[in-house]
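Working notes for the structure below.
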Amino acid sequence: MSKVRPLIRRILITAAMIIVLFLLQGTVFSRLTLGNAAPNCLLILISFAGFTRGRKEGMIVGFFSGLLMDLFFGSWFGMYALIYMYIGFINGFFRKVFFGDDMKLPLLFIGVSDLMYGYIIYFFLFFTRQRTDVLFYTLNIIMPEAVYSILLAVILYVPLLLIYNWLGKTDQRSTKSFV
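Using the numbering used here, the letters of the sequence shown map in sequence onto residues -19 to 159.
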């Protein structure tokens, strides 16, 4: 019983973070655009889950975040789930080099993840429809979104780090009391 409680707590808190960031991304930040681009709040969470908790949790958070995006905004069902899942998985490879007190590397991961996401979306939603002006899309959508996401990640970094550290400590306490 004591092993199940931290898992349920982690699932509920992660689900709440996904929902809150999804709502912020779809409401508040869709109105506060910079250069025709809004930050990708869910991508920040997915990247953060990947490099703080590993590939498995990055994939799970990415899949469910993408599923939520697919339900509300997707033109091809499963596309966002697959893209976000792979981004979470790739960020999970960098768990070994993540140090909570250094913000530069996570911001770099988030920026690169946003660029990857932008080019994948460009390919599937625009290039396949013969809209081949990649330079226009890069300068007006991909780059502003990546910069805006990095700026938002600076603000969200400390709260996300505190939440994930707290969840990690409660997991460790529960396994120590169980053994």
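We put the beta carbon where it would ideally sit given N, CA and C, even for glycine.
Query: DSSP-derived helix/strand/coil call for A133; Result: helix
Query: CB contact flag (G46, M65, <8 Å); Result: yes
Query: Alpha helix (DSSP H) segment containing V(-16), residue limits; Result: -16 to 6
Query: N- and C-terminal bounds of the alpha helix (DSSP H) containing F104; Result: 84 to 105
Query: Reference M83, options A133, F9, T108, F2, closest by Cα; Result: A133
Query: Boundaries (first-last residue) of the alpha helix (DSSP H) holding N71; Result: 59 to 72
Query: Element boundaries [alpha helix (DSSP H), containing T13]; Result: That residue, T13, is in no alpha helix (DSSP H); it is neither H nor E in DSSP.
Query: Minimum C-alpha distance to Y60 - residue among F116, L23, N16; Result: L23
Query: Rounded separation between T13 and R35 - CA only; Result: 31 Å
Query: Cβ shell of L1 (< 7 Å), same chain only, five flanking positions each side left out; Result: C21, L22, L25
Query: Cβ-Cβ distance between G72 and F31 below 8 Å; Result: yes
Query: Limits of the unbroken alpha helix (DSSP H) element including T170; Result: Residue 170 is absent from the structure shown; the chain starts at -19 and stops at 159.
Query: Contact belief for F104 with Y117 at Cβ below 8 Å, rounded distance in angstroms; Result: Actually they do not touch by this definition, with Cβ atoms about 12 Å apart.
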